[in-house]
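Residue numbers (UniProt numbering): 1 to 214.
1. Does the beta-carbon of residue 27 have 16 or more other beta-carbons within 10 angstroms, so that it is buried, or is it exposed?
2. In its own chain, which residues sit with a C-beta less than 6 Å from the C-beta of residue 169, not counting the 5 before and 5 after it?
3. Could you give the distance in angstroms between the alpha-carbon of residue 195 and the alpha-carbon of residue 115?
4. Express the C-alpha separation of residue 56 and residue 192 in angstroms, rounding to a whole number.
5. In chain order, what residues of the same chain have a beta carbon less than 8 Å from the beta carbon of residue 124, not counting five sequence neighbours either side?
6. Identify every run of the alpha helix (DSSP H) within the segment 29–66, keeping only runs that are complete inside it and at least 4 residues long; order them along the chain.
7. Rounded to the nearest angstrom, what separates residue 88 and residue 96 at their Cα positions?
8. With a CB to CB cut of under 8 Å and the five nearest residues on each side skipped, what residues in its chain are close to residue 67?
9. Can residue 54 be considered in contact with the ligand MN, in the sense that its beta carbon sits closer than 7 Å to one or more heavy atoms?
10. If you draw a straight line from the alpha carbon of residue 19 to that of residue 94, how long is it in whole angstroms?
11. Given a cut-off of 8 Å on the beta-carbon distance, is the pair residue 106 and residue 182 in contact?
12. Between 178, 180, 189 and 161, which lies nearest to residue 80 when the distance is taken from Cα to Cα?
13. Could you check where the alpha helix (DSSP H) with residue 172 kicks off and where it finishes?
14. Anyone know if the C-beta pair for residue 167 and residue 83 falls short of 8 Å?
15. State the Cα-Cα distance for the pair residue 150 and residue 188, rounded to the nearest angstrom.
16. Pick helix, strand or coil for residue 86, following the three-state DSSP scheme.
17. Looking only at its own chain, which residues have a Cβ that is under 6 Å from the Cβ of residue 50, when we skip the five neighbours before and after it?
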C-alpha cells in the first residue's frame, strides 16, 4: 500500500493503527459528555446504557468493521499490479474498531468491577485482561486452522504473499463469527440478573428519611 500522504510526507506503517486509539478516545468523550445525558433521561439509567447493553452495542462494530475490511481487501486484490492503494483505505475499519472498543472494553471494565463478588473486586482488572488474553490466543488458533484448511485447496487465505492470498474471504469469515458471537451474547445477556450494588449500599447506610445511620 502507498504510505505517502503527500509528495514529501510518508507515514510509518505502524502509525496507521493509532487511528483506532484516537477514535476510541474521542468516542468515549462524546459518549460520556453528550450521549449519556440524553440516554439518562430516556432510560432512567445513570450510565445511559446498562453494562450489558453497552457491551452488546459495542459488539456490533466488529461485524461492520470486518465487512468493510473485506470490501477494502477485495478492492486491493483487484488493483494488484496497478498503482498501489493509499493506506488511508484502512482508516474506516480502524476507526470503526476504535468506536466499538469504546463501548465493549469500557463496558467489560465496568462489569468486572461492579458485578464480581466484593471479595474478588480487586481481581476485576485481572479478569478483564484475561478475557483479552484468551481472545488473542483464540485469534492465533483460528488463523492457524484457517491457514491449514485453505492451504489444502491450493490457495491459502493467509499466505506469505498477500497478492495471492484471500484475506477478503478470511475477513468475511471473521464478520460471520462476530455476528454469531453477538447473537449468542444477546441470548445469554437477556437472562442475566444484575448484582445491585448501589441499592444495597444505600439501604445499609441510610434510613427512610435519608439520614445517615451510624
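All C-beta atoms, glycine included, are put in the ideal place defined by N, C-alpha and C. None of the values given here were measured: they were computed from a predicted structure.
Let me spell this out:
1. buried
2. 157
3. 6 Å
4. 13 Å
5. 109, 112, 113 and 116
6. 36–43 and 51–58
7. 14 Å
8. 171, 172 and 175
9. With respect to the ligand MN, the structure shown offers nothing to examine, as it has no ligands at all.
10. 6 Å
11. no
12. 161
13. 167–190
14. no
15. 32 Å
16. strand
17. none
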